[in-house]
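Report on the following structure.
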Amino acid sequence: MADVLALIDANNFYASCEQAFDPALIGRPVVVLSNNDGCVVSRSSEARQLGIGMGKPYFQIAGQLASHGVVVRSSNYALYGDMSQRLMSSLEPFVAELEVYSIDEAFARLPRPRCGDLSSWAAELRSRIRHNLGLPIAIGLAPSKVLAKVANRIAKGDRCHAGVFDLGREINPDPWLEQTPVEEIWGVGRQLGRWCRLRGIANARQLRDMASGELRAKAGVVGLRLQLELQGVSCLPLEEGPTAKRETCVSRSFSRPITDAGELRQAVASYVVRAAEKLRHQRQCSGRLTVFARTSPFSPGFYSQAAGTSLPVASNDTAVLLQAALPLVALIYRPHKRFAKAGVLLQDLQSQEQLQHHLLAPLPEAEQQRRADLMQRIDGLNRRYGRGTVQWAACGLTPGWMMRREQLSRAATTRLADLPTAWAR
DNA sequence: TCTGGGGTCCTAGGACCC
DNA sequence: TCTGGGGTCCTAGGACCC
Numbered sequence: 001m002a003d004v005l006a007l008i009d010a011n012n013f014y015a016s017c018e019q020a021f022d023p024a025l026i027g028r029p030v031v032v033l034s035n036n037d038g039c040v041v042s043r044s045s046e047a048r049q050l051g052i053g054m055g056k057p058y059f060q061i062a063g064q065l066a067s068h069g070v071v072v073r074s075s076n077y078a079l080y081g082d083m084s085q086r087l088m089s090s091l092e093p094f095v096a097e098l099e100v101y102s103i104d105e106a107f108a109r110l111p112r113p114r115c116g117d118l119s120s121w122a123a124e125l126r127s128r129i130r131h132n133l134g135l136p137i138a139i140g141l142a143p144s145k146v147l148a149k150v151a152n153r154i155a156k157g158d159r160c161h162a163g164v165f166d167l168g169r170e171i172n173p174d175p176w177l178e179q180t181p182v183e184e185i186w187g188v189g190r191q192l193g194r195w196c197r198l199r200g201i202a203n204a205r206q207l208r209d210m211a212s213g214e215l216r217a218k219a220g221v222v223g224l225r226l227q228l229e230l231q232g233v234s235c236l237p238l239e240e241g242p243t244a245k246r247e248t249c250v251s252r253s254f255s256r257p258i259t260d261a262g263e264l265r266q267a268v269a270s271y272v273v274r275a276a277e278k279l280r281h282q283r284q285c286s287g288r289l290t291v292f293a294r295t296s297p298f299s300p301g302f303y304s305q306a307a308g309t310s311l312p313v314a315s316n317d318t319a320v321l322l323q324a325a326l327p328l329v330a331l332i333y334r335p336h337k338r339f340a341k342a343g344v345l346l347q348d349l350q351s352q353e354q355l356q357h358h359l360l361a362p363l364p365e366a367e368q369q370r371r372a373d374l375m376q377r378i379d380g381l382n383r384r385y386g387r388g389t390v391q392w393a394a395c396g397l398t399p400g401w402m403m404r405r406e407q408l409s410r411a412a413t414t415r416l417a418d419l420p421t422a423w424a425r
């Protein structure tokens, strides 16, 4: 029989991770906040039932959360990243091919058995993940990625599906597509969603059946692919293995506005340091660097500016990137502007191994090797003893703008001192 | 006072070339 | 004074994703 595509994801991933390491939270409403404790990015089902909205700014609903006794956590990416790796490696033995799509979801391909029924396979997978990681997962099965997403949504929505739904086994999928609002389809965003509604296209079945010429005029080939996928024609391939990144970005909001040029420089310097680390970890070099900063879009007099420069030779050496980036800060800085966020974007990424040595290389071979060794040592020390153990002077010593994480849980799986403790009586 | 961060893909339009 | 057609490459910006 033909292969099946699956979309497997963890329910309320961040909130579920918090619950997995603090059993006292199970059954209680829990929300996890974005960086800087900005807004809600994950809710346990109990929190959802209380009507707490996704993406709501924390400062607007702090009172409501307190009055309902909601547990609030800052996001703990060290923990979630590690749990994600465990989840993905647990899925692997259950499928033929796996594409890790995001921190909490994966597409997979598997053969459909002769009897056609995958429910025992799915039940076994769910109970294994629940038992080993303490995470609830949902599984959607269908002939294409977009339909697998639809199926996953149905699996989550209805209790009687027990976290699994196989759209490929439905003789008539239309009722299921009709109960899927057009905005909920993977690939339909705000613009396309509004456009569909204006034309009376309200659900997935109607989008599937609409005139393709009209859709093409609005959404181009992306729209056509989307429609084919809804018809059960798989045209988005499964991508195994990490594809090389084309760009890498590090940006953060500040815990308080910055008006001082020196502080903005320090912030940009720290982001460059982090971005260079990421680059070396990806074994890539960057040929172009852009620095940007903006004030709050929620305040009058919004200001946003970017400045970029090309490097004579692509590099992942922190000192080289800092040297390129810091002069750009003066170009985007404006006195009296209250900067809320800044960042650095590394573009023109090339693989470190394939990087052709420039004829006018700024440093002789031996010196380049020495620099590469130095970067490796610094990365090693920071990995072992914690980020910031070896720091660059340009970043400043006591930044007052560092992000806020006031309700952080422990790094229970990645830092020895944070190992959970079990008490016995 | 306080509103996330990090990506990809596609298209339109300008510059430039023959 | 008249001023084509077709191609490539690059960039900016829109749209979308989690």
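If you read the first sequence in my numbering, its first letter stands for residue 1, the second for the next number, and so on. In this text, a Cβ means the ideal position worked out from N, Cα and C, and glycines have one as well. All values reported here derive from a predicted model rather than from experimental measurement.
8 Å Cβ shell around residue 39 - same chain, five flanking residues per side excluded = Counting from one through the first sequence, the residue named residue 39 turns up at place 39. Around residue 39: 33, 55, 56, 57 and 58.
Return the CA-CA distance between residue 77 and residue 247, expressed in angstroms with no decimal places.
-> Numbered from its first residue, the first sequence carries residue 77 at position 77. Numbered from its first residue, the first sequence carries residue 247 at position 247. Cα-Cα distance, rounded: 21 Å.
Which of the three DSSP states, helix, strand or coil, is assigned to residue 182?
-> As a working note, residue 182 is residue 182 in the first sequence. Three-state result, residue 182: helix.
State whether the stretch 402-417 contacts the stretch 283-300, with contact taken as three or more CB pairs (one from each stretch) at a distance under 8 Å.
-> no
For residue 182 versus residue 119, is the C-beta spacing smaller than 8 Å?
-> In the first sequence, residue 182 corresponds to position 182, counting from 1. In the first sequence, residue 119 corresponds to position 119, counting from 1. In this structure, residue 119 does not lie closer than 8 Å to residue 182 by Cβ.
Use the C-beta contact count for residue 316: other C-beta atoms within 10 angstroms, 16 or more gives buried, fewer gives exposed.
-> As a position in the first sequence, residue 316 is number 316, starting the count at 1. With 16 or more Cβ atoms within 10 Å of its Cβ, residue 316 is classed as buried.
Look at the alpha carbon of residue 383 and the alpha carbon of residue 282, and state the distance between them as a whole number of angstroms.
-> One-based indexing of the first sequence puts residue 383 at position 383. One-based indexing of the first sequence puts residue 282 at position 282. In a straight line, the C-alpha of residue 383 is about 15 Å away from that of residue 282.
Mark residue 328 as exposed unless 16 or more other C-beta atoms lie within 10 angstroms of its C-beta, in which case mark it buried.
-> Start at 1 with the first residue of the first sequence, and residue 328 comes out as number 328. Flag for residue 328 reads buried.
Under 7 Å Cβ to Cβ from residue 346, same chain only, skipping five residues before and after it: list those, please.
-> One-based indexing of the first sequence puts residue 346 at position 346. 247, 248, 275, 279, 286 and 289.
Measure the CB-CB distance between residue 379 and residue 229 and report whether it falls below 8 Å.
-> Here the question's residue 379 lines up with position 379 in the first sequence. Here the question's residue 229 lines up with position 229 in the first sequence. Against a cut-off of 8 Å, the Cβ pair of residue 229 and residue 379 comes out as no contact.
How long is the line joining the alpha carbons of residue 241 and residue 99, rounded to whole angstroms?
-> Taking the first sequence and counting its residues from 1, the one referred to as residue 241 is at position 241. Taking the first sequence and counting its residues from 1, the one referred to as residue 99 is at position 99. Computed Cα separation, rounded: 7 Å.
Do the CB positions of residue 109 and residue 124 come within less than 8 Å of each other?
-> If you number the first sequence from 1, residue 109 lands on position 109. If you number the first sequence from 1, residue 124 lands on position 124. In this structure, residue 124 does not lie closer than 8 Å to residue 109 by Cβ.
Which one of 208, 101 and 24 has the shortest CA to CA distance from residue 70?
-> Here the question's residue 70 lines up with position 70 in the first sequence. Of the candidates 208, 101 and 24, the one whose C-alpha sits nearest the C-alpha of residue 70 is 24.
Where residue 222 falls, given that 16 or more other Cβ within 10 Å makes a residue buried = The residue labelled residue 222 in the question sits at position 222 within the first sequence. With fewer than 16 Cβ atoms within 10 Å of its Cβ, residue 222 is classed as exposed.
Can we say the stretch 364-374 touches the stretch 246-265, given the rule of at least three CB pairs closer than 8 Å?
-> no
Thinking residue 16 and residue 29 are a contact (beta carbons under 8 Å), I'd like their distance in whole angstroms, please.
-> Residue mapping note: residue 16 aligns to position 16 of the first sequence, counting from 1. Residue mapping note: residue 29 aligns to position 29 of the first sequence, counting from 1. With 8 Å as the limit, residue 16 and residue 29 do not qualify as a contact, their Cβ atoms being about 13 Å apart.
Return the chain-ordered list of same chain residues with a C-beta closer than 7 Å to the C-beta of residue 418, the five sequence neighbours on each side being excluded.
-> Taking the first residue of the first sequence as position 1, residue 418 is located at position 418. These residues qualify, in order along the chain: 410, 411 and 412.
Within 10 angstroms of its Cβ, does residue 153 collect 16 or more other Cβ (buried), or is it exposed?
-> Counting from 1 along the first sequence, the entry for residue 153 is found at position 153. The residue is buried, with at least 16 neighbouring Cβ atoms inside 10 Å.
Give me whichever residues DSSP pairs with residue 408 in a beta bridge.
-> One-based indexing of the first sequence puts residue 408 at position 408. Bridge partners of residue 408: 74.
For the stretch 131-144 against the stretch 161-180, are there 3 or more C-beta pairs whose distance is under 8 Å?
-> yes
Nearest-angstrom Cβ-Cβ length linking residue 253 and residue 340, presumed shorter than 8 Å | As a first step, residue 253 is located in the first sequence; it is residue number 253 there, counting from the start. As a first step, residue 340 is located in the first sequence; it is residue number 340 there, counting from the start. Rounded, the Cβ-Cβ distance is 6 Å, consistent with contact.
Which residues in the same chain as residue 88 place their Cβ atom closer than 8 Å to its Cβ, once the five residues preceding and following it in sequence are excluded?
-> One-based indexing of the first sequence puts residue 88 at position 88. Contacts found: 98, 100 and 106.
Classification of residue 185 by the beta-carbon crowding that lies within 10 angstroms, buried from 16 upward | Here the question's residue 185 lines up with position 185 in the first sequence. With 16 or more other Cβ atoms within 10 Å, it is buried.
Expressed to the nearest angstrom, what Euclidean distance is found between the alpha-carbon atoms of residue 149 and residue 74?
-> Looking up residue 149 in the first sequence gives position 149. Looking up residue 74 in the first sequence gives position 74. Roughly 28 Å between the two C-alpha positions.
Leaving out five residues on either side along the sequence, give the residues of the same chain with a beta carbon under 6 Å from the beta carbon of residue 423.
-> Counted from its first residue, the first sequence places residue 423 at position 423. Once the five neighbours on either side are set aside, residue 423 has no close Cβ partner at all.
DSSP three-state call for residue 339: helix, strand or coil?
-> Working through the first sequence from its first residue, we reach residue 339 at position 339. In this structure, residue 339 counts as strand in the three-state DSSP scheme.
How big is the Cα-Cα spacing for residue 215 and residue 224?
-> Residue 215 sits at position 215 when you count from the first residue of the first sequence. Residue 224 sits at position 224 when you count from the first residue of the first sequence. Rounded to whole angstroms, residue 215 to residue 224 spans 7 Å at the Cα level.
What first and last residue would you give for the beta strand (DSSP E) that runs through residue 413?
-> Position 413 of the first sequence, counted from the start, is the residue given in the question as residue 413. Residue 413 -> no beta strand (DSSP E), and no H or E assigned at all.
Whole-Å CB distance - residue 5 paired with residue 234, under 8 Å assumed = As a first step, residue 5 is located in the first sequence; it is residue number 5 there, counting from the start. As a first step, residue 234 is located in the first sequence; it is residue number 234 there, counting from the start. Indeed they touch by this definition, with Cβ atoms about 7 Å apart.
Kindly list the residues whose CB is nearer than 7 Å to the CB of residue 406, restricted to its own chain and excluding five residues on each side of it in sequence; keep chain order.
-> Within the first sequence, the letter at position 406 stands for residue 406. For residue 406, where only same-chain residues beyond five positions count, the Cβ hits under 7 Å are 37 and 74.
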